[in-house]
Amino acid sequence: MKEKPLASQKAVALKYPKGAQAPFVVANGKGVLAKRILEEARQNDIKIEENTPLVEFLSEIQVGSLVPPQAWEILAQIFSVILQEEEGDAQ
Numbered sequence: 823m824k825e826k827p828l829a830s831q832k833a834v835a836l837k838y839p840k841g842a843q844a845p846f847v848v849a850n851g852k853g854v855l856a857k858r859i860l861e862e863a864r865q866n867d868i869k870i871e872e873n874t875p876l877v878e879f880l881s882e883i884q885v886g887s888l889v890p891p892q893a894w895e896i897l898a899q900i901f902s903v904i905l906q907e908e909e910g911d912a913q
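Residue numbering for the sequence shown follows the numbering used here, beginning at 823 and increasing consecutively.
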């Protein structure tokens with residue numbers, strides 16, 4: 823994976839607790855903050871998904887806010903893949 827220049831990097835962290843109406847943004851940032859978000863994810867074995875259009879969209883959402891319905895379909899696909907991978911790792 824080729825890294826972008828630090829100043830142009832963006833990252834968004836989401837959480838989707840069981841029973842929640844929708845995922846919500848727990849962190850977002852660019853540059854140094856994006857790098858810290860990604861490092862924290864790696865240190866905690868959290869899956870990182872690279873999707874530039876999605877990150878551009880989600881980076882406009884305030885921390886603590888629910889992800890709007892426009893992103894639910896793509897996020898459902900991403901979460902489904904992650905869950906399948908986790909189930910495969912558990913076997």
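Cβ atoms here follow ideal geometry from the backbone N, Cα and C, with glycine treated the same way.
Item                                                                                                                               : Value
Which runs of the alpha helix (DSSP H) at least 4 residues long sit entirely within the stretch 859-885? Give them in chain order. : 874-880
Identify every residue that forms a DSSP beta bridge with L836.                                                                    : V847
Measuring alpha carbon to alpha carbon, tell me which residue in T874, L836, A829, D867 is nearest K852.                           : A829
Let me check understanding here. Comparing Cα to Cα, which of N873, I883, A833 lies closest to A863?                               : A833
Would you grab the beta carbon distance between A835 and V854 for me? Rounded to a whole angstrom, and I think it's under 8 Å.     : Not really, about 15 Å apart at Cβ, beyond 8 Å.
Nearest to L880 by CA position, among D867, I868, W894, K869, is which residue?                                                    : W894
Should the stretch 864-875 be called in touch with the stretch 884-892, which here means at least 3 C-beta pairs below 8 Å?        : no
Could you check the C-alpha separation between A898 and I904 for me, to the nearest Å?                                             : 10 Å
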